[in-house]
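Sequential numbering from 1232 applies to the sequence shown in this note's numbering. Heads up, the beta-carbon is just placed ideally off N, CA and C, and yes, glycines get one too. What follows is a single structure, written as structure tokens, with notes after it.
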Amino acid sequence: MTLQNRLEVLGKLDPLCYMGKVKNIVGMMIEVSGLEANVGDICVIYSEAADKPVLSEVIGFKNGDVLLVAYGDVKGVGLGSLVRSTGHKLRVPVGDFLVGRTVDATGRPIDGRGDFPASGYYGVDSSYTNPLERPRISERLTFGIKAIDGMLTIGKGQRIGIFSGSGVGKSTLMGMIAKNVTADVNVIALV
């Protein structure tokens, strides 16, 4: 990067950091006054009583205040806690480094194996492929579970959902699928 490029980047930076203060908390809904943000922006809530900063997302506005919903536990966050808008929407890491890793809903690692390299990130609000424009599924995927392979055949690239009441065996079935399927990579989400 040349000196001219660096000067251009510096010229675009805002040297001020706009902060707001927590005005009200009801459940996971946090009302913040004095914050400049847009719907979908990620905000960070700082509190001396909290173990670590809390990530949150702007979901609306009320009487000039910003409404946030927290991505994590709000224990320790109180009236007057400082809030900073990142000015960015939620982005999750993408790349081969995700293979074999466990992440939470925001893409942060929860398997105790450290952070991801800061290489590829993708916005969760980015455009998606129209399901009708996806390539046709034509190749069978073997699950190694007779009931699925024999009666509920699933193709490579197909998305499936497993729905049932509690205690029926969804997690056991997903474990069997992860162990026996003939795919190179499994993406399993507990929603």
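When the Cα atoms are used, what is the spatial distance from residue i to residue j?
i	j	result
L1238	M1407	55 Å
R1422	S1402	Before going further, note that residue 1422 is Val rather than Arg in the sequence given. Using only the alpha carbons, I get a separation of about 12 Å.
K1283	P1366	44 Å
I1290	L1234	40 Å
K1456	A1281	Coverage of the chain is limited to positions 1232 through 1422, which leaves residue 1456 absent and any answer about it impossible.
T1413	M1382	17 Å
D1327	N1294	45 Å
V1297	I1379	48 Å
Y1277	L1329	29 Å
R1371	Q1389	10 Å
G1343	T1360	33 Å
Which word fits residue i, buried or exposed, when buried means at least 16 other C-beta atoms lie within 10 angstroms of its C-beta?
i	result
L1363	exposed
D1272	buried
I1391	exposed
G1251	buried
C1274	buried
V1423	In the structure displayed, the chain extends from 1232 to 1422; residue 1423 sits before or after that span and is not available.
S1316	buried
L1299	buried
S1287	buried
V1399	exposed
Within the continuous alpha helix (DSSP H) that includes residue i, where are the two ends?
i	result
D1380	K1377 to M1382
Measuring alpha carbon to alpha carbon, tell me which of the options ends up nearest residue i.
i	options	result
P1348	V1325, E1370 and Y1359	V1325
G1258	C1248, Y1302, A1336 and F1292	Y1302
K1387	I1393, N1255 and F1374	F1374
D1345	V1253, G1318 and T1333	In the sequence as presented, Asp is not what sits at residue 1345; that position holds Gly. Measuring from the Cα of G1345, the nearest candidate turns out to be T1333.
Y1352	S1395, K1320 and D1342	K1320
L1404	V1314, I1376, V1418 and G1331	I1376
F1292	V1308, V1263, L1310 and G1309	V1263
S1312	A1336, N1417, V1240 and V1285	V1285
V1355	V1323, I1341, P1340 and I1368	V1323
I1419	D1304, I1261 and D1335	D1335
Can you tell me where the beta strand (DSSP E) with residue i in it begins and where it stops?
i	result
I1419	Taken as a continuous stretch (DSSP letters only), I1419 belongs to no beta strand (DSSP E), as it is neither H nor E.
Y1277	I1273 to Y1277
D1296	D1296 to A1301
S1264	M1260 to S1264
V1323	R1322 to P1324
G1251	M1250 to V1257
F1328	Note, F1328: premise wrong, no beta strand (DSSP E); not H, not E.
Curious, which full-length beta strand (DSSP E) runs of at least 3 residues does the segment 1331-1417 contain?
1352-1354
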